[in-house]
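For reference, the structure is listed below as C-alpha cells.
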Amino acid sequence: MKCSIQGCPGEYEEKMIIHVVMRDKDFYMFDHVPAEVCSICGDTLLKSETIRKLEKCMKEKK
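The sequence shown begins at 54 in my numbering and counts up one residue at a time.
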C-alpha cells in the first residue's frame with residue numbers, strides 16, 4: 054500500500070516494531086507489535102485489532 058504522507062513515494066511494509074505508549078504518568082512498552090511501516094519516511098500504521106489488544110493489556114496492568 055502506498056504511504057499516506059503527502060509527497061512520500063514509499064510503500065508500507067509489514068514489520069514487527071517496539072511500540073511505546075505514555076498514558077498519564079505511565080509508560081507501556083510492547084515488543085513484537087505487528088505494524089505497517091513506510092519504507093521511506095517510517096510512517097507507522099497499526100490495525101484496529103492490534104490497538105484494541107494493546108489497550109486491553111494497558112487496562113489490565115492498572
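Here a beta-carbon is modelled for each residue, glycine too, at the ideal position from N, C-alpha and C.
Worksheet entry | Own chain, CB closer than 7 Å to residue 109, minus 5 neighbours either side, in chain order | Along the sequence shown, one-based indexing puts residue 109 at 56. Taken in chain order, the list of residues that qualify is empty.
Worksheet item: Should residue 94 be labelled buried (16 or more other beta-carbon atoms within 10 Å of its own) or exposed?
Response: Residue mapping note: residue 94 aligns to position 41 of the sequence shown, counting from 1. By the neighbour-count rule (16 or more Cβ atoms within 10 Å), residue 94 is not buried but exposed.
Worksheet item: Using CA coordinates, which residue listed in 60, 58, 63 and 72 is at the minimum distance from residue 103?
Response: By one-based count along the sequence shown, residue 103 stands at place 50. It is 72.
Item to complete: Give the DSSP bridge partners of residue 94, in chain order.
Response: Here residue 94 corresponds to residue number 41 of the sequence shown, with the count starting at 1. Paired residue(s): none; residue 94 is not in a bridge.
Practice prompt. Pull up the distance between the alpha-carbon of residue 81 and that of residue 107, whole angstroms please.
Written response: Here residue 81 is taken as the residue at index 28 of the sequence shown, counted from 1. Here residue 107 is taken as the residue at index 54 of the sequence shown, counted from 1. Each residue's alpha carbon lies about 9 Å from the other.
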